[in-house]
Amino acid sequence: MGQNRRYERYARPVDPETEDEAAALRTIAGLLETGTPLITDARLASRIAAIFRATAVELSAGRAVPLQLRHAVRRAADNIRARLDPRDPTSRQD
């Protein structure tokens, strides 16, 4: 949670579901940054990870993320998560 320290004085408390969503975005961003066969271009992977991290910071700080943007980021993150999950190939989204 040290990523958003500069926002702490302006932060509003967030509900546990929102904080879980932010944590999931940070986790997926970390997976992308360490390299994955899903996105082989490291620059593209790091830019997508940056979008996920920035969204996570805003959510954790209690700031509003435009609904359409939040849904797009969530769908992209869910799709990446499903494709990277080795446990259940039936959960993959196309």
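The sequence shown begins at 39 in the working numbering and counts up one residue at a time. Every residue, glycine too, gets a C-beta built ideally from N, C-alpha and C.
Q) Shortest alpha-carbon distance to Leu-63 belongs to which of Pro-124, Arg-91, Asp-123, Arg-125? A) In the sequence shown, residue 63 corresponds to position 25, counting from 1. Checking every option, the nearest Cα to that of Leu-63 belongs to Arg-91.
**Q.** Sequence-distant residues of the same chain with beta carbon closer than 7 Å to Thr-56, five excluded per side
**A.** Position 18 of the sequence shown, counted from the start, is the residue given in the question as residue 56. Taking Thr-56 as the centre and dropping the five residues before and after it, the same chain places the C-beta of Leu-97 closer than 7 Å to its C-beta, in chain order.
(Q) Give me the DSSP bridge partner(s) of Ile-77. (A) Within the sequence shown, residue 77 is the residue found at index 39, counting from 1. Looking at the DSSP output, Ile-77 shares a beta bridge with Thr-74.
Q: For my contact list, Ala-94 and Leu-70 are in at a C-beta cut-off of 8 Å; report their separation, rounded to the angstrom.
A: Residue numbering aside, residue 94 sits at position 56 when the sequence shown is read from its first letter. Residue numbering aside, residue 70 sits at position 32 when the sequence shown is read from its first letter. Here Ala-94 is actually not in contact with Leu-70; their C-beta atoms are around 13 Å apart, not less than 8 Å.
Q: Starting from the C-beta of Ile-66, find all residues in its chain whose C-beta is less than 7 Å away, skip the five residues before and the five after it, and write them out in chain order.
A: Position 28 of the sequence shown, counted from the first residue, corresponds to residue 66. Phe-90, Ala-115, Ile-118, Arg-119.
Q. Helix, strand or coil: which one does DSSP assign to Pro-51?
A. Position 13 of the sequence shown, counting from 1, holds the residue named residue 51. Note: Pro-51 maps to coil in three-state DSSP.
Q: Could you check how far apart the C-beta atoms of Leu-122 and Leu-82 are, in whole angstroms? I think they sit under 8 Å.
A: On the sequence shown, position 84 is the one that residue 122 refers to. On the sequence shown, position 44 is the one that residue 82 refers to. Not confirmed; about 15 Å, so no contact.
Q | Straight-line gap, Leu-105 to Arg-112 (C-alpha atoms, nearest Å) | A | Within the sequence shown, the letter at position 67 stands for residue 105. Within the sequence shown, the letter at position 74 stands for residue 112. Those two C-alpha atoms are separated by around 10 Å.
**Q.** Classification of Ala-102 by the beta-carbon crowding that lies within 10 angstroms, buried from 16 upward
**A.** Position 64 of the sequence shown, counted from the first residue, corresponds to residue 102. Burial call: exposed.
Q | Every unbroken alpha helix (DSSP H) inside the stretch 74 to 115 [4 residues or more] | A | You should have 80 to 98.
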